[in-house]
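To start, the structure under review is shown below, and the notes come after it.
Protein chains: 2
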Amino acid sequence: MTEIAKLGEFGLIKHLTKELPQGQSTTLKGVGDDCAVLKSVDGKNLLLTSDMLMEGIHFDLQYTPLQHLGYKAAMANLSDVYAMNGKPTQLLVNLAISGRFAVEDVEALYSGIRLACKKHDVDIVGGDISTSLTGLAISITCVGEATEGEVVYRSGAKSTDLLCVSGNLGAAYMGLQLMEREKHIFNSRPSTEAEAAQPDFSGREYLLERLLKPEARRDVVESLRAAGIRPTAMIDVSDGLSSEVMHICEASGVGARIYEERLPLDYQTAVAAEEFNMNVSTCALNGGDDYELLFTVPLTAHEAVSQIPDVRIIGHITPAEQGRMLVSRDGQEFELKAQGWNNQ
Amino acid sequence: MTEIAKLGEFGLIKHLTKELPQGQSTTLKGVGDDCAVLKSVDGKNLLLTSDMLMEGIHFDLQYTPLQHLGYKAAMANLSDVYAMNGKPTQLLVNLAISGRFAVEDVEALYSGIRLACKKHDVDIVGGDISTSLTGLAISITCVGEATEGEVVYRSGAKSTDLLCVSGNLGAAYMGLQLMEREKHIFNSRPSTEAEAAQPDFSGREYLLERLLKPEARRDVVESLRAAGIRPTAMIDVSDGLSSEVMHICEASGVGARIYEERLPLDYQTAVAAEEFNMNVSTCALNGGDDYELLFTVPLTAHEAVSQIPDVRIIGHITPAEQGRMLVSRDGQEFELKAQGWNNQ
Chain A
2 MTEIAKLGEF GLIKHLTKEL PQGQSTTLKG VGDDCAVLKS VDGKNLLLTS DMLMEGIHFD
62 LQYTPLQHLG YKAAMANLSD VYAMNGKPTQ LLVNLAISGR FAVEDVEALY SGIRLACKKH
122 DVDIVGGDIS TSLTGLAISI TCVGEATEGE VVYRSGAKST DLLCVSGNLG AAYMGLQLME
182 REKHIFNSRP STEAEAAQPD FSGREYLLER LLKPEARRDV VESLRAAGIR PTAMIDVSDG
242 LSSEVMHICE ASGVGARIYE ERLPLDYQTA VAAEEFNMNV STCALNGGDD YELLFTVPLT
302 AHEAVSQIPD VRIIGHITPA EQGRMLVSRD GQEFELKAQG WNNQ
Chain B
2 MTEIAKLGEF GLIKHLTKEL PQGQSTTLKG VGDDCAVLKS VDGKNLLLTS DMLMEGIHFD
62 LQYTPLQHLG YKAAMANLSD VYAMNGKPTQ LLVNLAISGR FAVEDVEALY SGIRLACKKH
122 DVDIVGGDIS TSLTGLAISI TCVGEATEGE VVYRSGAKST DLLCVSGNLG AAYMGLQLME
182 REKHIFNSRP STEAEAAQPD FSGREYLLER LLKPEARRDV VESLRAAGIR PTAMIDVSDG
242 LSSEVMHICE ASGVGARIYE ERLPLDYQTA VAAEEFNMNV STCALNGGDD YELLFTVPLT
302 AHEAVSQIPD VRIIGHITPA EQGRMLVSRD GQEFELKAQG WNNQ
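Those sequence lines, one after another, are chains A and B. Residue numbers for the first sequence follow my numbering, so the first one is 2 and each next one is one higher. Residue numbers for the second sequence follow my numbering, so the first one is 2 and each next one is one higher.
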C-alpha cells in the first residue's frame with residue numbers, strides 16, 4: 002500500500018484524474034484549473050467549481066463563528082469563478098451536521114452563505130442537508146458564466162509576461178496564528194478563569210477579518226476589464242502564493258521570477274510576524290486563505306496595469322528552463338517551494 | 002435553541018431555503034426538486050444536483066467495498082438527473098479522506114466513480130481532495146441536460162393521473178439488514194474465529210447487489226421517450242416510496258392512493274423480510290436506496306405505460322383533500338407516513 006503523503010495532495014489529484022475520459026461535446030475544460038468550463042447559452046461558457054471544507058482541517062469552530070464560516074465557504078468558491086475571469090451565478094450547498102448543532106446554528110451558517118451570495122448576486126439553487134456522526138462538513142458547488150473567448154486559464158502565461166497580485170498576502174495566515182495562540186491560552190486556563198478571559202485583539206482586527214471574512218476580488222476582475230486588460234493567465238491565491246505561481250508555471254510551461262521586495266504586505270501582517278518571530282516573506286509566500294488574484298499580463302500592459310488600484314507587479318514570467326525563483330532583498334535567488342495539504 | 006429533530010430533515014431544508022433570492026435570469030428552478038434547472042445552450046436546459054455521503058451515516062466501510070461506494074455515490078447523482086427526464090453529462094467529485102486511507106483505497110473509490118460515469122457517458126470535470134480528521138466524506142455534483150420543455154418536475158401531477166414505479170422496492174433495504182446482521186455476528190465473535198468466518202450470502206446476491214451496486218434507470222427514461230410518454234411528474238426513489246409519493250403530492254398540490262397489492266417486490270425481498278420478521282410492504286414503502294423512478298402519467302397513457310418493461314402502475318393521483326393513502330390488501334385505507342433522516 003502507498004501512503005498518500007508520498008504523493009501529496011496535488012500528486013494524488015493528478016494521479017487519480019489522469020486520462021479521464023471526456024466524451025461530452027459540451028466539456029471544454031475538465032480537471033486542472035480553478036473551474037471546469039462547459040459550453041453554454043448565447044456564446045457564453047459555463048464555469049463550475051466545487052470545494053469541501055471539513056471541521057478540524059479547514060476550520061476550527063472554537064474560534065470561527067458559524068456565520069463567518071458560511072460566508073468564507075461561499076467566498077472561496079466565488080473566488081474560483083473570478084479567477085477564470087468569470088461571474089458567479091448560482092450556488093449549491095451541501096451540509097453534513099452533527100447532533101450537537103441546533104437549528105439556530107445551521108441558520109447562522111446559512112445566513113453567512115446567503116450574505117456572500119447576496120453581495121455577489123448569486124442564487125442558491127440547491128443542495129442537501131444530512132447528519133454527520135463526527136464533525137461539520139460543508140461542500141459548495143458554484144456555477145458561473147463568462148463570455149466565450151474571455152475565459153482566462155492557468156495555462157496562458159508567456160515568457161516576459163508580468164506577474165501581478167491583488168491586495169496583500171499573509172494577513173489571513175497571521176490571523177490564524179493569533180487565533181491559535183488565543184485558543185491555546187484559553188484551553189490551558191482553569192475553567193472559571195477561562196470564562197472571564199476576553200482575548201484582546203485590538204489593533205489586529207484587520208488580520209482577523211482577513212481570516213474570518215475574506216472577500217472574493219470581483220472588483221479586480223472588473224477593474225482589469227474596464228482598463229481593457231485581459232490577463233494571459235489567472236488563479237486565486239488560496240494555498241499560498243508560491244503554490245499558485247507554480248501552478249501557473251506548470252500549466253503554462255514557463256518559469257517565473259518573483260521579487261521579495263515586491264511582495265505586498267500589510268503593516269499589521271509585518272508586526273504580527275515579528276511578534277511571532279516568523280519571516281514575513283515566508284508568511285506571504287506560503288500562508289493560505291488570502292483569496293487574492295494572481296495573474297499575468299503582457300509586458301505591453303505594464304503602464305495600464307500599474308494604474309489599477311490595489312494591484313502590484315511582483316515579478317515576471319521566464320522560459321521554463323530558468324526555473325521558478327524568488328529573488329531575495331539582497332539579490333540572492335531561491336527556488337520556490339510549494340506546500341501540500343497545508344490547511345487545504 | 003431548537004433541536005433539529007423537531008423540524009426533521011425536510012423541515013430544516015424548507016426552513017433554510019424559504020425566500021431564497023433568485024435574481025439570475027438563467028435560474029429557471031432553484032431548490033425543491035431532484036435538480037436545479039438553468040437555461041443553457043441551443044434550447045437546452047442545464048440540470049444540477051449535488052449530494053454528500055458521510056461515513057457512518059450513509060455507508061459503513063466494514064461491509065462496503067470502496068469501489069462499490071464510489072459507484073453508488075455517482076449513481077445516486079445520475080439518478081437525480083434521470084428523475085428530471087434529463088441526461089447526465091458531467092460530474093464533480095469532492096473527497097475528504099482520513100489518514101488511514103492509502104493511495105490504493107482512493108484509487109478503488111475513484112475507479113467506482115469512473116465506472117459509473119463510463120456506463121452513462123459522463124465526464125468527470127472537477128472536484129477536490131482534502132484530508133478529514135474523522136471519517137470519509139464524498140460530495141458529488143452532477144450536471145445534466147434536457148431539451149427545453151421536456152424537463153419533468155415533481156409538481157406536474159394532476160388528479161386521475163396514474164402513479165407508476167420502475168423495478169421493485171425494498172431490496173436494498175433488505176440487503177442492508179443482511180449486512181448489518183453479519184456485521185453484528187462478526188464483531189461479537191472472538192477474533193480468531195472471526196477471521197475464519199465467511200458469511201454465506203448464497204441466494205441473497207440480488208439483495209446485496211441492490212444495496213451495493215444500484216443502477217440509475219436511464220433505460221426507463223429512454224423507454225418512456227420511445228413510447229411517446231412524457232411523465233407529468235417524476236422523482237427518484239432514494240428515501241423510500243412513501244416519502245417520494247408525498248413529495249410529488251406536496252409539490253403538485255394533489256393527493257394519491259397507492260395499493261399495497263400493486264407494490265413491486267422481488268421474491269428474495271419477500272423471503273428476507275419473512276426471515277427478519279418484518280412486514281415486506283413496510284420495507285417497500287420506507288426502505289431507502291432503491292434508485293427506482295416514481296412518476297405519474299395521464300390516464301390516457303394507461304395502455305402505453307402498461308407496455309413498458311419493468312414499470313408497474315401502483316395507484317393514482319387524487320384531489321388533495323382525499324389525502325395520501327395506502328390501500329391495504331384487505332381494502333383498509335391508511336395515511337402514508339414519511340421517515341426523515343432515515344439513512345439519508
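Quick reminder that beta carbons are idealized off the backbone N, C-alpha and C, glycines included. This one's a predicted model, so the numbers in the text were calculated from it and none came from an experiment.
Check	Outcome
C-alpha distance - GLN178(A) paired with ARG219(A), whole-angstrom precision	27 Å
Proximity to ILE314(A) [Cα-Cα], best of VAL82(A), LEU164(A), SER80(A), MET2(A)	LEU164(A)
Segments of 3+ residues assigned as beta strand (DSSP E) that fall wholly inside the segment 74-143 of chain A	88-98, 124-132
Proximity to GLU181(B) [Cα-Cα], best of ALA305(B), PHE277(B), HIS317(B), LEU266(B)	PHE277(B)
Contact set between the segment 115-132 of chain B and chain A, restricted to residues whose Cβ is under 8 Å from the partner	ARG115, CYS118, LYS119, ASP122, VAL123, ASP124, ILE125, VAL126, GLY127, GLY128, ASP129, ILE130, SER131, THR132
Alpha-carbon to alpha-carbon, GLY136(B) and SER99(B)	6 Å
Pair within 9 Å by beta-carbon distance, LEU93(A) and CYS143(A)	yes
Buried or exposed (CB count within 10 angstroms, at least 16 for buried), ALA227(A)	exposed
ILE309(B) in three-state terms, based on DSSP	coil
Reference ALA173(B); option with closest CA among ASP201(B), GLU183(B), GLU146(B), ARG205(B)	ARG205(B)
Reference ASP129(B); option with closest CA among VAL126(A), SER189(A), GLU261(A), PHE11(A)	PHE11(A)
Selection of the segment 55-82 of chain B by Cβ proximity to chain A, strictly under 8 Å	MET55, GLU56, GLY57, ILE58, HIS59
Residues near LEU209(A) by beta carbon distance below 8 Å, same chain, minus five either side	GLY176, LEU179, MET180, PHE202
Span separating the alpha-carbon of SER243(B) from that of THR283(B)	9 Å
Cut-off 6 Å between Cβ atoms - residues of its own chain near ASP267(B), not counting five sequence neighbours on either side	ASN169, ALA172
For ILE141(B) and SER51(B), the rounded distance between their alpha carbons	6 Å
Short Cβ contact (9 Å threshold) for VAL38(B) with VAL221(B)	no
Chain-ordered chain B contacts of GLU10(A) [CB-CB under 9 Å]	ILE130, SER131, THR132
Rounded straight-line distance, which links the Cα of PRO320(B) to that of CYS250(B)	10 Å
Residues of its chain near SER112(A), where Cβ-Cβ distance is below 8 Å and the 5 sequence neighbours each way are ignored	GLN68, GLY71
Beta carbon of THR161(B) nearer than 9 Å to that of HIS16(B)	no
Where the beta strand (DSSP E) containing GLU293(A) begins and where it ends	293-298
Beta-carbon neighbours of VAL104(A), restricted to chain B and to distances below 8 Å	MET2, THR3, GLU4, ILE5, LYS7, LEU8, LEU13, HIS16
Segment limits, alpha helix (DSSP H) that includes THR283(A)	281-287
Distance, ALA305(B) Cα to ILE236(B) Cα	20 Å
Coil, strand or helix - PHE335(B) by DSSP	strand
Residue from CYS36(A), ASN280(A), GLY241(A), TYR207(A) with nearest C-alpha to ALA147(A)	CYS36(A)
Proximity of THR28(A) and VAL126(B) at Cβ, strictly below 9 Å	yes
Helix, strand or coil at ASP240(B) according to DSSP, with G and I counted as helix	coil
Nearest residue (CA-CA) to GLN323(B), options LEU300(B), ARG258(B), LEU13(B)	ARG258(B)
Exposure of GLY24(A), with buried meaning 16 or more beta-carbon neighbours within 10 Å	exposed
Runs of beta strand (DSSP E) wholly within the segment 202-272 of chain B (minimum 3 residues, chain order)	234-238, 255-260
Cβ shell of HIS121(A) (< 8 Å), same chain only, five flanking positions each side left out	LEU79, PRO89, ALA217, ARG219
Assigned secondary structure, ARG330(B) (DSSP; H/G/I helix, E/B strand, else coil)	coil
Cβ neighbours of HIS248(A) in the same chain (closer than 6 Å, five flanking residues each side left out)	ARG155, ILE236
Euclidean distance between Cα positions of LEU47(B) and ASP106(B)	33 Å
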